[in-house]
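In the working numbering, the protein residues as written are 5 to 486.
Think of the CB as a built atom: it goes at the ideal place given N, C-alpha and C, for glycine as much as any other residue.
Worksheet: one structure, shown below.
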Amino acid sequence: MKFGLRGLMMQKDEDFTGWFERVILEAQIVDDRYPVKGFTVYMGWGYRIARAIARMLEERLEEEGHQPVQFPVVIPEDAFMREAEHIEGFAASVFWITHAGDTELDRRLLLRPTSETAIYPLFKLWIRSHADLPLRVHQTCNVYRYETKATKPLYRGREFLWNEAHTAHRDYEDAERQVRKGVEIYRYVYDRLGLSYLILRRPDFDKFAGADYSVAFDTWNPDGKVNQIGTVHQLGENFAKAFELEYEDEKGEHRLASTTCYGMGIGRVIAAIIAHHGDDHGLILPPAVAPIQVIIIPIPFKGYEESVKRYAREVEAALKEGGIRVAVDDDDRLRPGEKYYKWEMYGVPLRAEVGPTEVNERTVTLVRRDTFQRSKATLEELKERVEDLLERVYQSLRERSWRRLEREVVWAENLDELKAHIEERRIVKVNWCGDPHCAFRIKDEVAGEVRGTAWDGGEEAKGPCIICGGEAKHVAIVARTF
RNA sequence: GGGGCCGUGGUCCAGUUUGGUCUAAGAUGCGCGGCUCGGGCCCGCGAGGUCCCCGGUUCGAAUCCGGGCGGCCCCA
Numbered sequence: 005m006k007f008g009l010r011g012l013m014m015q016k017d018e019d020f021t022g023w024f025e026r027v028i029l030e031a032q033i034v035d036d037r038y039p040v041k042g043f044t045v046y047m048g049w050g051y052r053i054a055r056a057i058a059r060m061l062e063e064r065l066e067e068e069g070h071q072p073v074q075f076p077v078v079i080p081e082d083a084f085m086r087e088a089e090h091i092e093g094f095a096a097s098v099f100w101i102t103h104a105g106d107t108e109l110d111r112r113l114l115l116r117p118t119s120e121t122a123i124y125p126l127f128k129l130w131i132r133s134h135a136d137l138p139l140r141v142h143q144t145c146n147v148y149r150y151e152t153k154a155t156k157p158l159y160r161g162r163e164f165l166w167n168e169a170h171t172a173h174r175d176y177e178d179a180e181r182q183v184r185k186g187v188e189i190y191r192y193v194y195d196r197l198g199l200s201y202l203i204l205r206r207p208d209f210d211k212f213a214g215a216d217y218s219v220a221f222d223t224w225n226p227d228g229k230v231n232q233i234g235t236v237h238q239l240g241e242n243f244a245k246a247f248e249l250e251y252e253d254e255k256g257e258h259r260l261a262s263t264t265c266y267g268m269g270i271g272r273v274i275a276a277i278i279a280h281h282g283d284d285h286g287l288i289l290p291p292a293v294a295p296i297q298v299i300i301i302p303i304p305f306k307g308y309e310e311s312v313k314r315y316a317r318e319v320e321a322a323l324k325e326g327g328i329r330v331a332v333d334d335d336d337r338l339r340p341g342e343k344y345y346k347w348e349m350y351g352v353p354l355r356a357e358v359g360p361t362e363v364n365e366r367t368v369t370l371v372r373r374d375t376f377q378r379s380k381a382t383l384e385e386l387k388e389r390v391e392d393l394l395e396r397v398y399q400s401l402r403e404r405s406w407r408r409l410e411r412e413v414v415w416a417e418n419l420d421e422l423k424a425h426i427e428e429r430r431i432v433k434v435n436w437c438g439d440p441h442c443a444f445r446i447k448d449e450v451a452g453e454v455r456g457t458a459w460d461g462g463e464e465a466k467g468p469c470i471i472c473g474g475e476a477k478h479v480a481i482v483a484r485t486f
């Protein structure tokens, strides 16, 4: 069988969902066959990527003054019930712990759907004076939400891995600066993953439950539904009031703190990496988070087995010394061709082939995962060449992702155009007066909804609102959602 | 909320319309052995299935009926 069935079935453009499901399983990202709906198992390769993403984010957060913490997964009912809007937003999707063995608990506990109400009771104890502020913490953990809409591996689960940061400040303005900082930190991470995104201020009716306002990173997905990969929230004094986060200022007066929080769903980020960068051969990983950046494939011709193996180890050592994440695939049950397909599925950005020719020349044949372009490097120049190629792979993934986003976003001047574009599964810009009723009308009329308005300025609205014809105050982004 | 489709070894699935030929076929994957190993080669041997669950109809159910569970899609 020269042309395996697998090759024929891999059609990202024809059948994204089918392609995606196969890739996550074959590339050992997650296994969605765990026998509880909405709960997914991370496998080795996927979890290594997840950890790499989390670490990159954690390092950035810690450089920016966030302390790592680990709060309990359970929250007592009375703490959860403190902030009215927050309860309203999350109550329906909360998992409750009501029993221990046969004993009914006299105080129900819930599995955190997000950790504000777990963290603030302790913030209250930790914050005494203005010298304790700003207080910034973050944790990478699982959260639990009983999603009623269709669950989808990596995109929407009832348990999901994320990193959440929580900060407290002396006043609204300082919290405002932190919101900007949060956006900047997330931007840094997405940029290094080569992901394109829109930064939107969510409309009030779609903000985080209990927030003053919410900023979200939305990105394109091949099925036309935008993927929210991160959110940053200005909470103002809402939670500080509910949890009595007071401090004593320089003048000895008691004042309410202002708080912010931001969360990044690791699964959705991985989903975006798969969706943006992948091709019909499988994943293509951005070098920054590829568990293996260079895979060495020995080509063991008869009579050369040992010398090829030895040389492969030499190449590995040279790269390892240069700080490259490298491995040799010396599994002799697989043929070289099979290994090519395997590591392409896994998305390793560079392949190094070493056979008798390379042994004799003391060279390495390098193949880019994204373009399949081949080149040769001598052992001496290897490290520099590999670094250069990894950088090129990264740059080209990133450019491609942004070009696609630019193509996906289109203007609509009227409702018919909007309908047509949403039908084509595009992301659409429209003039909007800012009235929620007009936003709801859009949701009623088309299969998409108002996701928000450009957070940092963006285009100026010109002309009439697409619904009511009144003067537009914003350019709104309308798109399908999960 | 409304409508539709589906559930068979790890994976993809044939078989269901018309019950018996099913002791469930095939591909792929897996294990062992061989091999001339530069893109899934080839040869031999082998393991692997409560046909989603419960109940019913029947001499006989993967197949028909009822209920349940699970998954997917479309529409509002």
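Legend entry - C-beta atoms of residue 263 and residue 144 nearer than 8 angstroms: Indexing the first sequence from 1 puts residue 263 at position 259. Indexing the first sequence from 1 puts residue 144 at position 140. Against a cut-off of 8 angstroms, the Cβ pair of residue 144 and residue 263 comes out as no contact.
Inset, instruction - Label residue 441 either buried or exposed according to how many other C-beta atoms from any shown protein chain fall within 10 Å of its C-beta, with 16 as the threshold for buried. - result: Here residue 441 is taken as the residue at index 437 of the first sequence, counted from 1. By the neighbour-count rule (16 or more Cβ atoms within 10 Å), residue 441 is not buried but exposed.
Inset, instruction - Starting from residue 148, trace the beta strand (DSSP E) both ways and give me its first and last residue. - result: The residue labelled residue 148 in the question sits at position 144 within the first sequence. Residue 148 -> beta strand (DSSP E) spans 139-148.
Inset, instruction - Rounded to whole angstroms, what's the CA-CA distance from residue 92 to residue 65? Just pull it up for me. - result: Translated into positions along the first sequence, residue 92 becomes position 88. Translated into positions along the first sequence, residue 65 becomes position 61. Cα-Cα distance, rounded: 30 angstroms.
Inset, instruction - Provide the residue span of the beta strand (DSSP E) that contains residue 392, from first to last. - result: Locating residue 392 in the first sequence gives position 388, where the first residue counts as 1. Looking at the DSSP string, residue 392 is not in any beta strand (DSSP E); the run it does join, the alpha helix (DSSP H), is 386-412.
Legend entry - Touch test, the segment 52-62 against the segment 270-280, Cβ-Cβ under 8 angstroms, three pairs minimum: yes
Legend entry - Alpha-carbon to alpha-carbon, residue 479 and residue 176: The residue given as residue 176 occupies position 172 in the first sequence. The residue given as residue 479 occupies position 475 in the first sequence. Cα to Cα, the separation comes out at about 26 angstroms.
Inset, instruction - Excluding the 5 residues preceding and the 5 following residue 27 in the sequence, name in chain order all residues of the same chain whose CB lies nearer than 8 angstroms to its CB. - result: In the first sequence, the residue the question calls residue 27 occupies position 23. Contacts found: 33, 278, 282, 286, 287, 349.
Inset, instruction - Keeping to the same chain, check which residues put their C-beta closer than 8 angstroms to that of residue 260; ignore five residues upstream and five downstream. - result: Along the first sequence, one-based indexing puts residue 260 at 256. Here the set comprises 241, 244, 245, 249, 250.
Inset, instruction - Keeping to the same chain, check which residues put their C-beta closer than 6 angstroms to that of residue 430; ignore five residues upstream and five downstream. - result: Sequence index remark: in the first sequence, residue 430 carries index 426 (1-based). 412, 414.
Legend entry - In DSSP terms, what residue 94 is bridged to: Indexing the first sequence from 1 puts residue 94 at position 90. None; residue 94 has no bridge partner.
Inset, instruction - Report yes or no: do three or more beta-carbon pairs, one from the segment 216-231 and one from the segment 308-326, lie closer than 8 angstroms? - result: no
Legend entry - Per DSSP, cross-strand counterpart(s) of residue 46: Looking up residue 46 in the first sequence gives position 42. Answer is 34, bridged to residue 46.
Legend entry - Straight-line Cα distance separating residue 113 from residue 122: Position 118 of the first sequence, counted from the start, is the residue given in the question as residue 122. Position 109 of the first sequence, counted from the start, is the residue given in the question as residue 113. Using only the alpha carbons, I get a separation of about 11 angstroms.
Legend entry - Per DSSP, cross-strand counterpart(s) of residue 238: Numbered from 1 along the first sequence, position 234 holds the residue referred to as residue 238. For residue 238, which the question treats as bridged, DSSP gives the partners 217, 264.
Inset, instruction - State the start and end residues of the unbroken beta strand (DSSP E) segment that holds residue 455. - result: Here residue 455 corresponds to residue number 451 of the first sequence, with the count starting at 1. Run containing residue 455: 453-458, per the beta strand (DSSP E) assignment.
Inset, instruction - Give the range of the alpha helix (DSSP H) segment to which residue 383 is assigned. - result: Start at 1 with the first residue of the first sequence, and residue 383 comes out as number 379. Premise fails: residue 383 is in no alpha helix (DSSP H) and is neither H nor E.
Inset, instruction - Can you tell me the Cβ-Cβ gap for residue 49 and residue 204, rounded? I've got them flagged as a contact below 8 angstroms. - result: If you number the first sequence from 1, residue 49 lands on position 45. If you number the first sequence from 1, residue 204 lands on position 200. The Cβ separation is near 32 angstroms, so there is no contact.
Inset, instruction - Would you mind stating whether residue 155 and residue 42 have Cβ atoms separated by less than 8 angstroms? - result: The count along the first sequence starts at 1 and reaches residue 155 at position 151. The count along the first sequence starts at 1 and reaches residue 42 at position 38. Yes; because the gap between Cβ atoms is below 8 angstroms, this pair is in contact.
Legend entry - Cross-strand partners of residue 159 (DSSP beta bridge): Working through the first sequence from its first residue, we reach residue 159 at position 155. Answer by DSSP bridge pairing: none, since residue 159 is not bridged.
Inset, instruction - Would you check if there are 3 or more beta carbon pairs closer than 8 angstroms linking the segment 366-379 to the segment 331-343? - result: no
Inset, instruction - Would you kindly report the start and end of the unbroken beta strand (DSSP E) that includes residue 79? - result: To locate residue 79, count along the first sequence from 1; it is residue 75. From DSSP, the beta strand (DSSP E) with residue 79 extends over 78-80.
Legend entry - Stretch pair the segment 65-77 + the segment 137-151: three plus CB contacts closer than 8 angstroms: yes
Inset, instruction - Hey, could you find the ends of the beta strand (DSSP E) residue 108 is sitting in? - result: Within the first sequence, the letter at position 104 stands for residue 108. Residues 107-115.
Inset, instruction - With distances taken Cα to Cα, identify the nearest neighbour of residue 160 among 150, 346, 74. - result: If you number the first sequence from 1, residue 160 lands on position 156. Among 150, 346, 74, the Cα nearest to that of residue 160 belongs to 150.
Inset, instruction - Report yes if the C-beta distance between residue 297 and residue 339 is below 8 angstroms; otherwise report no. - result: In the first sequence, counting from the first residue as 1, residue 297 sits at position 293. In the first sequence, counting from the first residue as 1, residue 339 sits at position 335. Cβ distance not < 8 angstroms, so residue 297 and residue 339 don't count as in contact.
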